[in-house]
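**Q**
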Amino acid sequence: MTSDGTPRGMAAEDEVVDLTSELIRIDTTNTGDPATVTGEREAAEYVAAKLAEVGYEVETVESGAPRRDNVFCRLKGADPSRGALLVHGHLDVVPAEPSEWSVHPFSGAVQDGYVWGRGAVDMKDMVAMTIAVARQFKRDGVVPPRDIVFAFLADEEAGGHYGSGWLAEHRPDLFEGCTEAVGEVGGFSLTLAEDKRVYLIESAEKGIAWMRLRARGKPGHGSFLHDDNAVTKVAEAVARLGNHTFPLTLTDTVRAFLTQMAELTGLEFPEDDLEGSLAKLGSLSRIVGATVRDTANPTMLSAGYKANVIPSSAEAVVDCRVLPGREEAFLREVDELLGPDVTREWISNLPALEMPFEGPLTDAMAAALREEDPGAVTVPYMLSGGTDAKAFSDLGMICYGFAPLRLPPDLDFASLFHGIDERVPVDALKFGARVLARFLRSC
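In the working numbering, the protein residues as written are 186 to 628.
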């Protein structure tokens with residue numbers, strides 16, 4: 186037995202399901218408004234206790250605002266001359282409306298072969314796998330090839346301004362020596378045949394450009410003729426932007442993905458009908474389809490205070506996602522679409538990332554997967570969203586998404602992210618814990 190009362194040799198897979206369920210039961214809803222964010226400190230305290238219980242020296246850091254807590258610990262490796270590996274996960278989740286769910290979103294229910302609840306795949310599953318493996322290594326005295334820094338972070342769901350971004354700017358010492366990083370939204374499977382699965386490794390992600398649009402006009406009575414209406418100006422600009430199709434652009438990562446998928450499946454992906462051919466990939470087409478063009482989706486409108494008063498200003502918010510290398514061209518197109526009467530300002534502007542899919546780290550991912558699934562093939566892909574990797578890339582790290590899950594062939598995994606009835610298969614969690622342990626022993 187060890188000091189925490191668990192048997193020496195207890196594997197990560199033996200406790201990963203309970204850890205996931207317990208983490209989900211801590212409501213860490215991030216509304217984007219610091220005044221209404223909840224639970225991050227409680228989740229950080231839970232994580233810190235689990236790590237300290239097995240002997241880690243844990244540091245908890247508040248990141249720029251009260252109760253925005255982050256947890257760090259380091260496991261020393263055999264070769265201190267090598268760059269350290271950062272393994273990171275976020276503790277916050279997006280809001281969930283209980284009335285829309287078949288189980289309570291913060292129940293952490295374990296039923297029908299799944300762990301249910303908000304954060305089950307985004308990303309308390311990976312957080313639980315990381316804690317479980319970190320605990321196993323400490324109990325068993327495992328010395329990895331190099332230092333591993335474990336980080337559990339606040340505020341990813343609102344851009345990391347009170348999490349990874351603040352930490353990278355104000356506490357870079359916490360990441361001392363880290364040259365590579367692994368985090369969320371990669372390593373999950375797509376079944377091609379009974380004995381063949383593709384595991385998608387995130388090696389690129391689009392940039393996040395949230396912008397506020399604003400128009401000004403002449404206020405007046407709603408019953409009069411009016412040719413200088415701020416609401417009309419914003420509405421027309423938003424409609425132009427929302428209906429615009431940005432040009433097809435194939436990055437190196439997407440080309441590599443399509444080439445490998447064509448070799449594995451025999452499918453063709455001609456550029457003159459790329460979106461149509463991507464539909465053959467089923468639910469995965471939504472993920473990949475969003476990475477062949479920039480997007481600009483209006484999400485919020487705000488204007489006026491009374492039905493018969495024309496206001497002097499109107500605003501809109503647009504969620505833009507930009508491909509690597511397209512930043513300048515994208516903004517030129519946006520400004521042409523907005524026209525001279527509408528201004529824009531950044532709410533958040535985080536860069537696109539694209540990493541090489543080669544080298545010892547990605548080789549170690551592939552080897553760990555094959556040990557648990559001999560038919561596994563790893564393929565790079567681009568995430569249409571963004572992660573905390575953006576902040577760590579600014580510190581010079583090479584970043585990948587690797588939260589390994591072997592999924593049922595019929596599970597629409599993409600729909601679970603921020604979706605109703607979010608859940609993760611129990612067997613996938615145990616598989617992921619085994620793969621992550623193999624990976625960290627050899628990376």
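The beta-carbon is built from N, C-alpha and C at its ideal position, and this holds for glycine as well.
Going along the chain, which unbroken runs of the beta strand (DSSP E) with 3 or more residues stay wholly within the segment 245-296?
**A** Qualifying beta strand (DSSP E) stretches, in chain order: 254-260, 269-275.
**Q** I think residue 610 touches residue 299, with their Cβ atoms under 8 Å apart; what is that distance to the nearest whole Å?
**A** Going by Cβ atoms, the distance from residue 610 to residue 299 rounds to 6 Å, so yes, they are a contact pair.
**Q** Exposed or buried, what is residue 605 when buried is set at 16 or more other beta-carbons lying within 10 Å of its beta-carbon?
**A** So residue 605 counts as exposed.
**Q** Start and end of the beta strand (DSSP E) containing residue 529?
**A** It spans 527-535 - the beta strand (DSSP E) in which residue 529 sits, taken as one unbroken run.
**Q** What residue range is occupied by the uninterrupted beta strand (DSSP E) comprising residue 365?
**A** Segment 363-368, the beta strand (DSSP E) holding residue 365.
**Q** Apart from the five residues just before and just after residue 377, which ones in its own chain have a Cβ nearer than 7 Å to its Cβ?
**A** Closer than 7 Å at the Cβ level, and outside the excluded window around residue 377, lie 383, 449, 450.
**Q** Within the segment 537-617, note down every full beta strand (DSSP E) run reaching 3 residues or more, in order along the chain.
**A** Runs found: 561-568, 583-586, 608-610.
**Q** Considering only residues of the same chain and omitting the five flanking positions on each side of residue 502, which have a CB-CB separation below 6 Å?
**A** Closer than 6 Å at Cβ, skipping near neighbours: 397, 484, 485.
**Q** Rounded to the nearest angstrom, how far is the Cβ of residue 368 from that of residue 416, given a contact under 8 Å?
**A** Contact doesn't hold; Cβ gap of about 41 Å is too wide.
**Q** Mind reading off the beta-carbon distance from residue 395 to residue 249? Whole number of angstroms is fine, and I expect it under 8 Å.
**A** Actually they are not in contact, since the Cβ atoms of residue 395 and residue 249 sit about 19 Å apart, beyond 8 Å.
**Q** By how many angstroms is the C-alpha of residue 206 removed from the C-alpha of residue 278?
**A** The alpha-carbon atoms of residue 278 and residue 206 are separated by roughly 14 Å.
**Q** Could you spell out the range, first to last residue, of the beta strand (DSSP E) harbouring residue 373?
**A** First-last of the beta strand (DSSP E) with residue 373: 373-378.
**Q** I'd like the list of long-range same chain contacts for residue 413, defined as Cβ closer than 7 Å, with 5 residues on each side in sequence excluded.
**A** Only 402, 403 meet the Cβ criterion.
**Q** Please classify residue 355: is it buried, with 16 or more other beta-carbons within 10 angstroms of its beta-carbon, or exposed?
**A** Exposed, by the Cβ-count rule.
**Q** Please confirm whether residue 413 has its beta-carbon closer than 8 Å to some beta-carbon of chain D.
**A** Within the model displayed, chain D is absent; a lone protein chain is all it includes.
**Q** Out of 317, 498, 282, state which residue places its alpha-carbon closest to the alpha-carbon of residue 238.
**A** Ranking the options by Cα distance to residue 238, first place goes to 317.
**Q** When you compare each of 576, 213, 240 to residue 221 by their alpha carbons, which one comes out closest?
**A** Closest option to residue 221, Cα to Cα, is 213.
**Q** I need the straight-line Cα distance from residue 361 to residue 269, nearest angstrom please.
**A** Their Cα atoms are separated by approximately 8 Å.
**Q** In three-state terms, what does DSSP make of residue 491?
**A** Residue 491 falls in the coil class under three-state DSSP.
**Q** If distances are taken between C-alpha atoms only, which option among 522, 584, 516 comes closest to residue 669?
**A** Examination of residue 669 is not possible in this model, given that the chain is present from 186 through 628 alone.
**Q** Assuming contact is defined by CB atoms lying nearer than 8 Å, are residue 526 and residue 400 in contact in what I supplied?
**A** It is a contact, given that the beta carbons lie within the stated cut-off.
**Q** Go through its chain and collect everything with a Cβ distance to residue 236's Cβ below 6 Å, but skip five positions before and after it.
**A** For residue 236, where only same-chain residues beyond five positions count, the Cβ hits under 6 Å are 243, 258.
**Q** With distance defined between alpha-carbon atoms, name the residue in 303, 224, 372, 410 nearest to residue 613.
**A** The candidate whose alpha carbon is nearest that of residue 613 is 372.
**Q** From which residue to which residue does the alpha helix (DSSP H) around residue 231 run?
**A** It spans 225-238 - the alpha helix (DSSP H) in which residue 231 sits, taken as one unbroken run.
**Q** Quick one: residues in its chain with C-beta nearer than 7 Å to the C-beta of residue 437, no 5 flanking neighbours on either side, listed in chain order?
**A** So the list reads 539, once near-sequence residues are dropped.
**Q** Tell me the DSSP bridge mates of residue 381?
**A** Paired residues: 378.
**Q** Any idea which residues DSSP pairs residue 485 with across the strands?
**A** Note: residue 485 sits in a beta bridge opposite 502.
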